[in-house]
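> A single structure is presented below for examination.
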Amino acid sequence: MEELINQLKEQIIEALNLEDMTPADIDADAPLFGEGLGLDSIDALELIVLMEREYGIKLGNPAEGKKIFSSVASIADYVSKNRKK
Amino acid sequence: MNGMNKCYIISGSCLHDGEADVRKYVTPGEARRMCRILKRAVYTSFEALRQSGIECPDAIITGTSMGCMENSEKFLTDICRNGEQLLKPTLFMQSTHNTIASMTGILLKCHGYNMTYSQGGVSFTSALLDAWLQIRAGEISNALVGCHDELTDAIRKIRHAAHPEIAPADFREASAAFMLASEPLGDKPIELKKVIILHRPSPRRLEEAIRSLSAKGTPLSGCSEAEAEAESLLCASADAESVYSACRRLSPLPGEPKSALVVTRAGESVSLIKLTLVSPCGC
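Protein sequence lines, in the order shown, are assigned to chains A and B. Under my numbering, the first sequence has 43 at position 13, and the numbering climbs by one with no breaks. Under my numbering, the second sequence has 736 at position 245, and the numbering climbs by one with no breaks.
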């Protein structure tokens, strides 16, 4: 799981152009939206594309997405259970 | 034209190839999604605004020949490679021509007139003409007018194929932004006397237009026609860059030029822009 969390952090940094950030700067349990990284709705769309492109996961239910994207750890948990590739 | 306002260029900023450090004006969070052209546009726009002392313009009017070309290429490449699936929303948003003007408007919280002109090599002159007309008619008091274009490797190769005498690396890209106002504000206001765009002018028509604008011994800036054409080939924002250079050359010092006629040619169109330095007495 630790390896997947680090991989996700790197993919998020690249996909969202989080310049000057390293995986070590991201707290896996901190909120991604609002507080924490302070991501916005466009970032949410980028994360949905990332999940499908990298792990073959299609997110159709917005309510589900809110829970999954609450932190890097929650994304890693969902990916580990639902990944298609 | 009696009773119309005058229109002055009161500040300007220009940047050439490369990336601008926009952190002087926006937060890292605001800058992180910006591509190269957006960073240059934001930097030059904010710099022109800062110099003018105006916080928020009445209008944002932008000229861009090709828009955010780099992002457009990436977006189209993704469409081809991914079978029209999994497209990045940021690239989609930033592949439209009016992204530049809208981004500037959002950052400035400017809810005024926001317009983008894409007219090839006379995009900037078209934007300038719009601002000039609106300020003279009293519709607006000031306007942020810019021109922003970027060249990708693919565009450089295409241009080189059309003009093998120019190396791909020699083609320039530039951003320029100006604050225009109805009052001669600032240290060195320059009156924008006339803006003309001629499409496919006959040699006689062009000669007449140049003569009418330089009747009082105005020196030509930028050029012979051949030089104007060569310049427009080399630089993606030649008309804006030429206006910026001409404004810098005008000086109240004795013996220095007090007015200029900027002529740029782009394809079948010719821009004529007449500039006159306002004397210290304001006349």
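Ideal placement from N, C-alpha and C gives every residue a C-beta, glycine not left out. Here the structure is a predicted model, which means the values were calculated and not measured.
Whole beta strand (DSSP E) runs in the segment 585-624 of chain B with 3 or more residues, listed along the chain?
Segments of the beta strand (DSSP E) lying fully in the segment 585-624 of chain B: 604-608.
> Tell me the start and end of each unbroken alpha helix (DSSP H) in the segment 643-700 of chain B that is at least 4 residues and wholly inside, in chain order.
Within the segment 643-700 of chain B, the complete alpha helix (DSSP H) runs of at least 4 residues are 644-653.
> Between the C-alpha atoms of Ala653 (chain B) and Phe662 (chain B), what's the straight-line distance to the nearest angstrom?
Computed Cα separation, rounded: 12 Å.
> What does the alpha-carbon distance come out to for the pair Gly713 (chain B) and Ile597 (chain B)?
Residue confidence is low: Gly713 (chain B) scores 45 on pLDDT, short of 50, so the model does not pin down where it sits. Its coordinate-derived value is still stated next. Near 35 Å, if we compare the C-alpha coordinates of Ile597 (chain B) and Gly713 (chain B).
> Would you call the segment 498-518 of chain B and the segment 539-550 of chain B in contact, with 3 or more CB pairs under 8 Å?
Because the criterion of three Cβ pairs below 8 Å is met, the segment 498-518 of chain B and the segment 539-550 of chain B touch.
> Are there 16 or more other CB atoms within 10 angstroms of the CB of Thr553 (chain B), so buried, or fewer, so exposed?
Thr553 (chain B) should be labelled buried.
> How is the alpha helix (DSSP H) around Cys571 (chain B) delimited, first residue to last?
Unbroken alpha helix (DSSP H) run through Cys571 (chain B): 560-572.
> Under 8 Å between C-beta atoms, does Leu48 (chain A) make it to chain B?
It does: the Cβ of Leu48 (chain A) has a partner Cβ on chain B nearer than 8 Å.
> Tell me which residue opens and which closes the beta strand (DSSP E) that Ile528 (chain B) is part of.
Where Ile528 (chain B) is concerned, there is no enclosing beta strand (DSSP E), although the alpha helix (DSSP H) it sits in stretches over 527-543.
> Return helix, strand or coil for Tyr499 (chain B), following the three-state DSSP convention.
Note: Tyr499 (chain B) maps to strand in three-state DSSP.
> The beta strand (DSSP E) with Ile551 (chain B) in it runs from where to where?
Ile551 (chain B) -> beta strand (DSSP E) spans 550-554.
> Is Thr587 (chain B) close to chain A, meaning its C-beta is less than 8 Å from at least one C-beta of that chain?
Cβ-Cβ to chain A under 8 Å: no for Thr587 (chain B).
> Let's see if you can read the secondary structure: which residues bound the alpha helix (DSSP H) around Ser733 (chain B)?
Element bounds for Ser733 (chain B): 729-740.
> Taking the C-alpha atoms as reference points, what is the distance between Gly494 (chain B) and Leu599 (chain B)?
Distance between the alpha carbons of Gly494 (chain B) and Leu599 (chain B) is about 32 Å.
> Looking at the C-beta of Ile72 (chain A), does it have a partner C-beta in chain B at a distance below 8 Å?
Closer than 8 Å: yes.
> Distance cutoff 8 Å, beta carbons only. Does Arg514 (chain B) sit that close to anything in chain A?
Chain A, which has no Cβ nearer than 8 Å to the Cβ of Arg514 (chain B), makes this no.
> What do you get for Glu641 (chain B), buried or exposed, if any count of 16 or more other CB atoms within 10 angstroms of its CB means buried?
Label assigned to Glu641 (chain B): buried.
> With H, G and I counted as helix, E and B as strand and the rest as coil, what does DSSP make of Thr755 (chain B)?
Strand.
> Quick check on the DSSP output: the alpha helix (DSSP H) that includes Ala93 (chain A) runs from which residue to which?
Start and end: 92-98.
> Trp520 (chain B) and Gly68 (chain A): beta carbons closer than 8 Å?
Checking the sequence shown, residue 520 (chain B) turns out to be Gly, not Trp. A contact, by the Cβ cut-off of 8 Å.
> Look at the alpha carbon of Lys96 (chain A) and the alpha carbon of Ile78 (chain A), and state the distance between them as a whole number of angstroms.
Going from the Cα of Lys96 (chain A) to the Cα of Ile78 (chain A) covers about 11 Å.
> Pro61 (chain A): which of A:Val109, A:Arg113, A:Val102 sits nearest, CA to CA?
If we check each option's Cα against that of Pro61 (chain A), A:Val102 comes out closest.
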